[in-house]
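So, in C-alpha cells, the structure goes:
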C-alpha cells in the first residue's frame, strides 16, 4: 500500500509539472500573439536599414510587432490615399510627403526629416565608362519613373538642369523603383543607371562613376510622419522617435545614409 502511494505521489508530481509547463508555454505564446502590429510604409531604398531597425525596435518595445511595406515612395503614397492600413510613412522625397500632408492624410505636426542621400551614376563593373559625360552619351540608361520614384525625380531634375534631358529622354529605360533600376545595371540590361549611393554601395556588380553634381537637383532628404488614419498613434510616434534617436541614426549611417542636419 505504501509503495502504491509513493508511486501515486510521484505520478501526480510529474503530472503537475507537465501541466504547469504547458500553461507557461501557452502564456508565452499569448504574449507574442497579443502584440500590437505597427505597419510602416517606406521607400524601397530603406529596406535593409529599416528591417534592422525593426528588429531593434521590437526588442526595446516588445508590445509591438513591426510590419513593413517597401515600394517606391509614390506607390506607398497611393496606397495611403486608397486607405491601406499604414501607420507611418517614410518617403525618399519631400514631394510625396507634402502631398499627403496637404490632403490631411499625414499629420503635419508629426513630420520630421531623418536621413539624407545622394544620387550617383553606376555602370557594370566591366564597363569601360569612367566619366559622367560618357554616361550621358550611352545608348541605354535607366532611371526610376520620375512621377512615382524619387530617385528618378532627382535624376530628371539634374539632367534637365544640366541640359541633357532632351537628348537622353528617348534612350532612358524607366524602372518601377530604385532597386529595379539597380537590377537592370547589375544584369547588364542597360549600360548605366542613376540610383542612390546607399543602393550602389550594397551591390558587388556595379561601380560608381560619380555623383550627380551638387546644385543640379534638390537635396535628397527623407521625411517621416504619422498617417492620420492610423489607429496606433502611440506606437507610430515611438517608431519615429526611435528612428531619430542616436541608435536609429547609427543604424542608418551603417547603411550609408547621412544625418539630414549635417
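Numbering (the working numbering), first residue to last: 1000 to 1261.
We put the CB at the ideal spot given by N, CA and C, even for glycine.
- The region 1186-1201 and the region 1110-1122 touch, with three or more beta-carbon pairs separated by less than 8 Å.
- For residue 1210, the beta-bridge partners assigned by DSSP are 1119.
- Listed in chain order, the non-local C-beta contacts of residue 1226 below 7 Å within the same chain comprise 1079, 1085, 1086, 1087, 1088, 1104 and 1105, local neighbours out to five positions each way being set aside.
- DSSP places residue 1048 within a helical segment (H, G or I) once states are collapsed to three.
- Shown here, residue 1129 sits in coil according to DSSP, grouped into three states, outside any helix or strand.
- Note on geometry: alpha-carbon atoms of residue 1061 and residue 1202 lie some 33 Å from one another.
- The Cβ atoms of residue 1052 and residue 1250 lie closer than 8 Å to each other.
- Of the candidates 1158, 1056 and 1156, the residue whose Cα lies closest to the Cα of residue 1036 is 1056.
- Take the alpha-carbon of residue 1233 and the one of residue 1111: they are about 16 Å apart.
- Taking a C-beta distance under 8 Å as the contact criterion, residue 1148 and residue 1177 qualify as a contact pair.
- Between residue 1092 and residue 1109, the C-beta spacing is not below 8 Å.
- In this structure, residue 1043 places its C-beta atom within 8 Å of the C-beta atom of residue 1069.
- Taking the C-beta atoms as reference points, residue 1157 is found nearer than 8 Å to residue 1215.
- In the three-state scheme derived from DSSP, where H, G and I count as helix and E and B as strand, residue 1111 is classed as strand.
- The criterion of a C-beta distance shorter than 8 Å is satisfied by residue 1122 and residue 1191.
- For residue 1088, the enclosing beta strand (DSSP E) begins and ends at 1087-1089.
- DSSP places residue 1145 in the coil class of the three-state scheme, outside both helix and strand.
- Scanning its chain for C-beta atoms nearer than 7 Å, with the 5 sequence neighbours on each side dropped, one finds around residue 1146 the residues 1073, in chain order.
- As for any beta strand (DSSP E) of minimum length 3 sitting wholly inside the region 1145-1212, the runs are 1171-1174, 1191-1195 and 1205-1210, ordered along the chain.
- Excluding the 5 residues flanking it on each side, residue 1199 has same chain C-beta neighbours closer than 8 Å at 1119, 1121, 1181, 1205 and 1207, in chain order.
- Burial check for residue 1155: the Cβ neighbour count within 10 Å reaches 16 or more, so the residue is buried.
- By the criterion of a C-beta distance shorter than 7 Å, residue 1034 is surrounded in its chain by 1062, 1063 and 1064, once the five residues flanking it on both sides are discounted.
- The beta carbons of residue 1254 and residue 1102 sit no closer together than 8 Å.
- Out of 1135, 1246 and 1081, the CA that lies nearest to the CA of residue 1054 is found in 1246.
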